[in-house]
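Using the numbering used here, you'd call the opening residue of the sequence shown number 18 and step up by one each time.
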Amino acid sequence: MTHVFFLQAFNQQLLQFLPLVGVFVVMYFFMIRPQQKKQKEQLLFKDSLKAGDKVVTIGGLHGKITEIKGDTITLDVDRGTKLTFEKTSISAEMSKKVMAAAE
18 MTHVFFLQAF
28 NQQLLQFLPL
38 VGVFVVMYFF
48 MIRPQQKKQK
58 EQLLFKDSLK
68 AGDKVVTIGG
78 LHGKITEIKG
88 DTITLDVDRG
98 TKLTFEKTSI
108 SAEMSKKVMA
118 AAE
């Protein structure tokens, strides 16, 4: 008889714990997983940059990549004006956006 009471108490505790597990599962699929995918895409984007690409920095400066050395990029922003930035400061590649908009 006491087994029945213990099983009922265990089932009630399990049912109370289940919504908390559900919240974590939903949070993982709606918040954590998309952020991981976005970080992976950003890393692939930074690695795919090459000389000659037209890019925009996070500050809104437009330029053409002339040189890449490790984690730094040199941009030609005007005739003969070259500025050096960190790779992480590049936010978008304009040549791909222009081609996608034309199609």
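Here a beta-carbon is modelled for each residue, glycine too, at the ideal position from N, C-alpha and C. Being a predicted model, the structure only gives us computed values, none of them experimental.
Just the Cα atoms here: how many angstroms apart are residue i and residue j?
i, j, result
"residue 87", "residue 56", "19 angstroms"
"residue 45", "residue 54", "12 angstroms"
"residue 119", "residue 111", "Residue placement at residue 119 is poorly supported in this model, since its pLDDT is 49, which falls under 50; the coordinates are not used for a value here."
"residue 89", "residue 34", "50 angstroms"
"residue 58", "residue 73", "17 angstroms"
"residue 99", "residue 62", "22 angstroms"
"residue 50", "residue 97", "43 angstroms"
"residue 31", "residue 43", "18 angstroms"
Is residue i near the ligand ADP, with its Cβ less than 7 angstroms from a heavy atom?
i, result
"residue 53", "The ligand ADP is not part of this structure, which contains no ligands at all."
If residue i sits next to residue j, beta carbons under 8 angstroms apart, how far is it from one beta carbon to the other, in whole angstroms?
i, j, result
"residue 93", "residue 80", "6 angstroms"
Can you tell me which of the options puts its alpha carbon nearest to the alpha carbon of residue i?
i, options, result
"residue 95", "71, 104, 109, 105", "71"
- Continuous alpha helix (DSSP H) assignments of at least 4 residues falling wholly in the region 31-72: 50-65
- Message: For the structure I just gave you, are there three or more beta carbon pairs, one from the region 76-86 and one from the region 56-68, closer than 8 angstroms?
- Response: yes
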